[in-house]
Amino acid sequence: MSTPISTNPLGFPVALSGAAAPTLMWAHEHAIDAAALTQLRNIAALPWVHGVRVMPDVHLGMGATVGSVIAMREAISPNAVGVDIGCGMTAVRTSLRAEDLPQDLKSLRRGIESAVPVGFNGHARSLDLRPLKLDWGPTAGWDTFWKRFSGLHDGVQNRESKARSQMGSLGGGNHFIEICLDEEGAVWAMLHSGSRNIGKELAERHVGIAKTMAHNAVLPDKDLAVFLAGTPEMDAYLRDLTWAQEYAFRSRAVMMALVRRVITNAFAAAEVTFDNEISCHHNYVARETIEGAEMLVTRKGAIRAGKGDLGLIPGSMGTGSYVVRGLGNPASFESASHGAGRRMSRSAAKRQFSVADLVAQTEGVECRKDAGIVDEIPGAYKDLGEVIAAQTDLVEVVAHLKAVVCVKG
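Structure, rendered in structure tokens:
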């Protein structure tokens with residue numbers, strides 16, 4: 152495979168050695184964990200794969216690598232999307248300025264935590280969405296959306312009440328809500344979340360089905376089991392996946408509306424206004440034209456970076472994030488990274504770091520500083536500046552955001 156001429160000053164992309172399908176990377180092999188490299192080669196060996204693109208935040212995942220973009224011919228591997236279907240980001244710039252913020256931001260953090268359930272929690276009762284003005288545009292049609300629940304996998308039919316309560320809730324892990332400042336002193340709100348438990352349950356059920364299918368019996372990794380186009384199993388997965396992607400988008404819209412209300416109330420005298428929201432999935436499927444042919448493209452820990460597309464690339468807890476604009480580079484299948492990417496597992500982070508380390512590394516950020524989130528410490532993640540520098544041919548930076556409040560599950 153020949154590597155295309157690069158305009159990237161670091162020489163990316165580079166070809167992955169030993170890959171059956173063309174696999175281009177915005178990271179060097181020596182910087183990628185050996186298990187993740189094996190995983191990438193296993194993905195590239197699937198007979199349905201047209202090509203694989205690897206982002207600079209790449210790290211080991213379940214079945215498919217996080218930070219991978221996979222173009223397949225008439226096939227999908229559910230684990231190439233991940234169990235948090237539709238996970239992604241939303242951000243909005245406010246009219247507030249840095250000087251409008253109080254010295255002590257704890258009350259603002261508490262206000263957000265009171266409005267948006269975190270961790271395993273959901274809302275105590277279904278939210279009244281009318282005051283949130285979420286009945287127009289892409290968030291219209293709530294009744295129709297929920298009626299589609301009865302058509303989902305039989306195994307989740309007793310989960311509707313939980314799914315409704317978790318709509319507009321944050322979750323745990325690497326999900327967050329942040330108040331940030333850009334380099335010009337403007338205040339932003341940003342959040343990261345996905346399809347909660349319902350997305351996970353749907354994904355796991357379909358992975359289980361795929362593993363039983365005869366055409367997956369000889370795969371290099373059983374977790375890469377695929378569905379084939381034209382089968383009822385593929386149709387059922389796409390139906391549930393599409394619903395879960397929409398659930399994730401709607402959930403982020405609800406949370407952002409709740410955060411906006413907290414901000415508006417906290418700064419009532421300022422009469423806060425908000426710009427248009429920026430929103431993007433980074434665990435999802437789309438039909439796209441790749442090198443002249445229609446493909447099913449899965450992005451797992453990657454965003455679409457078509458020419459002019461606005462995207463969000465967050466760092467680790469409280470370290471900062473980037474608003475970017477896609478350059479539409481066909482070499483990456485018009486994709487970019489979804490964040491900093493982990494450099495060590497959660498268990499390794501808990502072994503290596505202490506609460507004292509967390510306190511030191513999140514200095515200046517109003518956030519939790521306890522043992523429950525040591526695995527999310529900035530030191531467990533790659534350097535976001537290096538990740539951005541590796542993909543200057545994929546995106547241009549619009550704004551650099553620094554967190555001053557971070558809410559975690």
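In terms of our numbering, the numbers along the sequence shown are unbroken and rise by one, the last being 560. The beta-carbon is built from N, C-alpha and C at its ideal position, and this holds for glycine as well. Predicted, not measured: the structure shown is a model, and the values here were computed from it.
If you draw a straight line from the alpha carbon of proline 207 to that of cysteine 431, how long is it in whole angstroms?
-> Their Cα atoms are separated by approximately 18 angstroms.
Please determine, among Ala408, Met318, Arg502 and Gly459, the residue with the shortest C-alpha to C-alpha distance to glycine 530.
-> Of the candidates Ala408, Met318, Arg502 and Gly459, the one whose C-alpha sits nearest the C-alpha of glycine 530 is Arg502.
Proximity of valine 269 and glycine 452 at Cβ, strictly below 8 angstroms = no
Limits of the unbroken alpha helix (DSSP H) element including tryptophan 297 | 293-298
For aspartate 255 versus phenylalanine 418, is the C-beta distance shorter than 8 angstroms?
-> no
Does the beta-carbon distance from aspartate 534 to alanine 500 come in below 8 angstroms?
-> no
Comparing alpha-carbon positions, which option in Tyr388, Ser219 and Glu428 lies nearest threonine 449?
-> For threonine 449, the closest of Tyr388, Ser219 and Glu428 by C-alpha to C-alpha distance is Ser219.
Chain B beta carbons: is any one of them nearer than 8 angstroms to that of glycine 523?
-> The structure shown contains no chain B; it is built from a single protein chain.
Can you give me the start and stop residues for the alpha helix (DSSP H) that glycine 466 sits inside?
-> Unbroken run through glycine 466: none, as it is neither H nor E.
Residue closest to lysine 553, alpha-carbon to alpha-carbon, out of Asp521, Ala540 and Gly515 = Gly515
Please report the Cβ distance between histidine 326 and serine 346, rounded to the nearest whole angstrom; I am assuming they are in contact, meaning their Cβ atoms lie under 8 angstroms.
-> With a Cβ gap of about 11 angstroms, histidine 326 and serine 346 do not count as contacting.
Does the Cβ of threonine 513 have 16 or more other Cβ atoms within 10 Å, making it buried, or fewer, making it exposed?
-> buried
Quick one: Cα of alanine 196 to Cα of arginine 204, how far?
-> 14 angstroms
In the DSSP assignment, find the beta strand (DSSP E) that holds aspartate 177 and state where it starts and stops.
-> The amino acid occupying residue 177 in the given sequence is tryptophan; aspartate does not appear at that position. No beta strand (DSSP E) contains tryptophan 177, which DSSP labels as neither H nor E.
Check the C-beta distance from leucine 211 over to alanine 186 and give it rounded, since I have them as a contact under 8 angstroms.
-> Correct: roughly 5 angstroms between the Cβ atoms.
Where does arginine 494 fall in DSSP's three states?
-> coil
With DSSP as the reference, label arginine 476 as helix, strand or coil.
-> strand
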